[in-house]
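Everything in the sequence shown is counted per my numbering, starting at 6 for the first residue and increasing by one.
Before any comments, here is the structure.
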Amino acid sequence: MTRAIQLKTPRQLRFMRQAGTIVAEVLALLGEHIVPGATTAALDALAEAEIKKRGAMPSFKGYHGYPCTICASVNEQIVHGIPGEYRLQEGDILSIDVGAIYKGWHGDAAVTYAVGRPSAEAERVMDVTQEALRRGIAAAVPDNHLGDIGFAIQSWVEAQGFAVVRDFVGHGIGKVMHEAPQVPNFGEAGAGVKMRPGMTIAIEPMVSVGDWRVKVLDDGWTAVTADGSLSAHYEHSIAITNNGPEILTKVA
Ligand code: MF3
Ligand code: CO
């Protein structure tokens, strides 16, 4: 985490859009391969090939020793699940996080996909989390404060009877994947740093059906809900502009 908030120039934003588009394309493509019987390792290999094919590089691989291109977190796994030989099963939900670096600039985004037909509860936690991200993004406008994003997310999620994970937060993004500032998914309206045009941040609500507390598995990475309840995760990298929030991690 670099200390100062880096404001990006229009030229730098163009690179970040390109990085973001690559991430979004790869996430969309992975979505087409989420079927019962697929292994998360196969999705990881596909993501790596597709990122490289687009002239970019995976940004998670090697990050603090992380071994893979994507994070693949199933059901009660919240984030940082390590791809492996696990075979997706009908009714699972799978959170996939993808990061890529292109011409020195980062994109970072995540989606939760259902494998086949989700349970009502699974569908609901996905919908609530996706809407939480939408509300968080809507609050990312000049002169609002970072706390307005967290407040928008937390108040929505808790009103739906679910919990916001506290142990992981969103972040500034740019020439490094995790820059200042931290972007919590909880907080008070009007609190924290004031947003300015040119700030680029990743907003990434993680929502649990039960309690917000987490445990990390013995692999040192996989974060699960302590109570074993289902969890979803959606993330976009966005730019704060005078015309409102711009989603960078979208298919062009
Ligand atoms: N994508 C995560 C984030 O949104 C970071 C993944 S950690 C890694 O901040 F080690 F897998 F890279
Ligand atoms: Co992120």
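No residue lacks a Cβ here, since even glycine has one placed at the ideal position from N, Cα and C.
In three-state DSSP terms, what is residue i?
i      : result
Gln187 : strand
Thr117 : strand
Arg4   : With the chain covering 6 to 257 only, the question about residue 4 has no answer from this structure.
Ile27  : helix
Gln17  : helix
Lys220 : strand
Ala257 : coil
Val214 : coil
Ile56  : helix
Gly179 : coil
His69  : helix
Glu163 : helix
Ala105 : strand
Gly36  : helix
Thr44  : strand
Ala50  : helix
Would you mind stating whether residue i and residue j have Cβ atoms separated by less than 8 Å?
i      : j      : result
Ala115 : Ile106 : no
Ile83  : His241 : no
Ile206 : Gly175 : yes
Ile243 : Ala145 : yes
Thr134 : Tyr91  : no
Ala52  : Ile75  : yes
Arg59  : Pro147 : no
Lys180 : Trp110 : yes
Pro186 : Val198 : yes
Ala77  : Asp49  : yes
Leu99  : Thr117 : yes
Ala231 : Val219 : yes
Is the Cβ of residue i closer than 8 Å to any Cβ of chain C?
i     : result
Val84 : Note that chain C does not occur in the displayed structure, where there is just one protein chain.
* To do: Please confirm if the segment 116 to 126 is in contact with the segment 151 to 161, defined as three or more CB-CB distances below 8 Å between the two stretches.
  => Flag = no, the segment 116 to 126 and the segment 151 to 161 do not touch.
* Note down, one range per segment and in chain order, each alpha helix (DSSP H) of at least 4 residues found wholly within the segment 120 to 160. => Complete alpha helix (DSSP H) runs here, min 4: 125 to 143.
* Asked: Are the segment 68 to 85 and the segment 15 to 26 touching, with three or more C-beta to C-beta distances below 8 Å?
  -> Between the segment 68 to 85 and the segment 15 to 26, the count of C-beta pairs closer than 8 Å stays below three; the two stretches do not touch.
* Asked: For the segment 226 to 237 against the segment 209 to 217, are there 3 or more C-beta pairs whose distance is under 8 Å?
  -> Yes: at least three Cβ pairs fall under 8 Å.
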